[in-house]
Amino acid sequence: MKLNERSLAFYATCDSPADNAGFLYKRGERHTAYHRRWFVLKGNMLFYFEERDSREPVGVIVLEGCNVELCDAADGFAFAIRFGGTKSRTYVLAAESQEAMESWVKSLSRASFDYMRLVVRELEKQLQEMSRGLAGGFGGSRDPPGPLKPKPSGLEQSRERLPALPAIPPKENGCAVWNNVLGADRLPDTSGCGGHDEEGSPRPPPLPPRRRVSNGEAASAGAAGSPSAFCRLHEQYSREVARLRQDWQQRRRGPQP
């Protein structure tokens, strides 16, 4: 991958999210004075600008093969970025508060690809241990575990514990037929006596005989339900309701003078 100043300047000022950004004091290489600079951390690259609104960065620090260390307490909230090698430069930076210094040290320590490689290896190791644990939990079978079944709710568990209800017997002539509950292949005994059958099972009660309606009862029932009787009853109640409504309206109006 080829990089030049233009591509670095574009990456530093583009709208891509930054891992950390803020003002830090940077100590010069030749002069030990500190200069306030605006720092932006993107990936493993630490850009620094003269001002926050600057269009191009002054420099960039590639955070590979380095260590982030705290400086002496006399330097305030200072920390250093040290690279391996005899001729490598050490960058000394200082924050404005203890909280800002801790945030920058944590972000810079996790910015390198070496750190990300270690994190990935640790996650892969944990995943392998979890896979072996799951395989041992399922009896050491090599087949992957099937989908987990949802645990039945309390209502479903209570339904499972309830005994099965008997089937509702059909009705014949307004009475239930008993031969579909026990011994459905045998016809009910209509001899009129109860007791038990040959196998010792209780016999169902006999069906009651049908009642025959006489001609007189049918005539009286027809007269009671004739249309003329209903009309007379309807007219009587209508007159009573009209009279009560008229009395109620007179009481509401009050006594007339």
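Using this note's numbering, you'd call the opening residue of the sequence shown number 239 and step up by one each time.
Heads up, the beta-carbon is just placed ideally off N, CA and C, and yes, glycines get one too.
It should be emphasised that the depicted structure is a prediction, and the values quoted were computed from it without experimental measurement.
Coil, strand or helix - residue i by DSSP
| i | result |
| --- | --- |
| Ala259 | strand |
Host alpha helix (DSSP H) of residue i (start-end)
| i | result |
| --- | --- |
| Ser245 | 243–251 |
Pair within 8 Å by beta-carbon distance, residue i and residue j
| i | j | result |
| --- | --- | --- |
| Cys309 | Phe317 | yes |
| Leu345 | Tyr353 | According to the sequence provided, residue 345 is Ser. The question's Leu does not apply to it. Contact flag unset, no. |
| Arg275 | Leu262 | yes |
| Tyr286 | Gly297 | yes |
| Ala332 | Asp313 | yes |
| Gly260 | Ala338 | yes |
| Val330 | Arg265 | yes |
| Leu301 | Ala271 | no |
| Ala256 | Glu294 | no |
| Glu267 | Arg327 | yes |
| Ser341 | Asn258 | yes |
Test: residue i CB closer than 8 Å to a CB of chain C
| i | result |
| --- | --- |
| Ser335 | This model lacks chain C altogether; it includes just one protein chain. |
Practice task
Starting from the N-terminal side, write out each stretch of the alpha helix (DSSP H) that is 4 residues or longer and does not extend beyond the stretch 267–355.
Solution key: For the alpha helix (DSSP H) assignment, the uninterrupted runs of no fewer than 4 residues enclosed by the stretch 267–355 are, from N- to C-terminal side, 336–347.
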